[in-house]
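Inspection log for the structure reproduced underneath, given as structure tokens.
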Amino acid sequence: MVDVSCLICGGVYHETVAFAAEIAEQKELLRRFHQQRQRQDAQADLKDRTTFSQDYSTEVVRCLTCGFVYRNPRPTLRSVTAQYADDQYGEEHLEAEFQAQQRWAEWKITAFAQHCHFTSRHPVVVEVGSFVGGFLAAAQQRGWSILGVDPGKEVVNFCQARGLPVFHGTLNDATIAARSVDAVVIWNTFDQLVNPDTTLSAARRLLREDGHLVLRVPNGAMFQQGVHWLKAGGSRRRWAIVTLAWNNLLSFPYLNGYSVSTLDQLVARHGFSRVAVEVDTLMTLSDQHTTLWGQWEERVVKSSCRILAGTTTLLPSLHNMVSPWLDVYYAVSGDAATSPPIACPA
Ligand SMILES: [Zn+2]
């Protein structure tokens, strides 16, 4: 574990959003939450729902200068990278993930194409952290030219066996011609990047002048507000539990909790400016092992979030509590700043 400063502004002063003991309580709350919603006859292991690929136990803090929410201390760069490279899921689990992700991608890809304003019918799209390749498959079906990038050996083999081109490694190491890409998208892992500046600088180099960068992140501001609501009790606590749990925000299994504002500041130094934000929820978690009432609860909670997030009259604190995930679209707007990004300890 290493102590880190704010990667947005370099600030070293922060306040605690959730102490390590509170994160541990939230983990237990999450385990009980899914256990209560599991069918009696289901044999399924709850591990997938409550044990995340990156499982952190340290506190979550908020920068006093810019408001960025992040985990501190965090694991070293080397240990995070090694964990991803060696992740093992098993063929059956990957296949189920692929089916779910492809259904999600087929729904998501229309908004993606609209916001990226592709001028070519066959745009070149690179996905960083392509995982099982559900989005790549949906894009390939549209005739797009695609490339995935992922450090996980097992998921790269899984994609390649399905005819999906994926580079094993990082965006920085992939051999892609400069200014040849129409869109770089990171649906899954931007919040887990120890040093996002490296990836953003590679994305800027590869994108055409009219290219787009698309980032999907768990909303750090919602987690911060959610911690207050958990302590408040009553209906606010109940809402916090169901929205945080169904959206994988309870116990915050991420390194970084961006908001639109902190994400804007980070990407601006690489020459990007925001063109659109879409509030979203996590793709469906319940399955055949979930009770019927659990499946309905998830649908109602997520539909409510999507409807209420579009209501402009909500107070900021209420708006945060219905905005679990953020899809943020950026256009190339200029050159990268000449000042170096915040130094990232290994
Ligand atoms: Zn800061």
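For the sequence shown, the residue numbers in numbering that gives the first Met the number 0 are 0 to 345. Even glycine gets a Cβ: it sits at the ideal position worked out from N, Cα and C. Quick caveat: nothing in here was measured; it's all calculated off a predicted structure.
Buried versus exposed call for residue i [16 or more other C-beta atoms within 10 Å across all chains shown]
i      : result
Leu265 : buried
Tyr69  : buried
Ser272 : exposed
Thr312 : exposed
Trp292 : exposed
Asp196 : buried
Asn156 : exposed
Arg120 : exposed
Asp190 : buried
Arg73  : buried
Trp186 : buried
Within 8 angstroms, strictly: CB atoms of residue i and residue j
i      : j      : result
Thr198 : Val127 : yes
Leu170 : Gln139 : no
Phe97  : Gly132 : yes
Ala182 : Pro122 : yes
Ser322 : Asn218 : yes
His227 : Tyr328 : no
Val184 : Leu206 : no
Leu325 : Val276 : yes
Gly10  : Thr64  : yes
Phe18  : Ile240 : no
Leu135 : Cys158 : yes
Asn71  : Val3   : yes
CA nearest to the CA of residue i, picked from the options
i      : options                          : result
Gln39  : Tyr69, Thr290 and Ala176         : Thr290
Thr188 : Gly162, Gln87, Gly151 and Phe67  : Gly151
Val59  : Leu325, Ser302 and Leu249        : Leu249
Ile175 : Pro72, Arg204 and Val276         : Arg204
Trp245 : Cys5, His13 and Arg30            : Arg30
His269 : Ser119, Ala95, Asp190 and Ala330 : Ala330
Arg61  : His116, Ala41 and Asn255         : Asn255
Gly225 : Ser285, Val216 and Trp238        : Trp238
Gln37  : Gly233, Glu297, Gly66 and Val124 : Glu297
Ala335 : Val154, Ser200, His33 and Cys5   : Ser200
Tyr12  : Gly66, Ala41 and Leu284          : Gly66
Ala99  : Ile7, Ile145, Ser285 and Tyr55   : Ser285
Val278 : Met0, Gln25, Ala177 and Ala110   : Ala110
Gln113 : Ala173, Val213 and Trp295        : Val213
Gly168 : Ser129, Glu14, Thr118 and Ala177 : Ser129
Ile7   : Ala267, Glu91 and Glu14          : Ala267
Gln25  : Ser56, Gln35 and Ala137          : Ser56
Residue i: CB within 7 angstroms of a non-hydrogen atom of ligand 1
i      : result
Cys398 : This structure leaves residue 398 out entirely; the chain is present only between 0 and 345.
Gly10  : yes
Thr64  : yes
Phe406 : In the structure as shown, the chain starts at 0 and stops at 345, and residue 406 therefore has no counterpart that could be examined.
Ile7   : yes
Contacts around residue i, its chain only, beta-carbon distance under 6 angstroms, and the 5 residues preceding and following it disregarded
i      : result
Gln223 : Val16 and Val68
Ser258 : Gly219 and Ala220
Met282 : Trp103
Val193 : Leu76 and Val79
Leu262 : Val327
Gly333 : Gly270
Close-in-space but distant-in-sequence residues of the same chain around residue i (CB under 8 angstroms, 5 per side omitted)
i      : result
Ser302 : none
Gln294 : Ser285
Spatial neighbours of residue i in its chain, beta-carbon cut-off 7 angstroms, leaving aside the 5 residues before and after
i      : result
Tyr83  : Pro150 and Gly151
Thr242 : Val300, Cys304, Met320 and Pro323
Arg235 : Trp228
Ala202 : Leu170, Val183 and Leu212
Ligand 3 heavy atom lying under 7 angstroms from the CB of residue i
i      : result
Ala137 : This structure lacks ligand 3; the ligands present are ligand 1.
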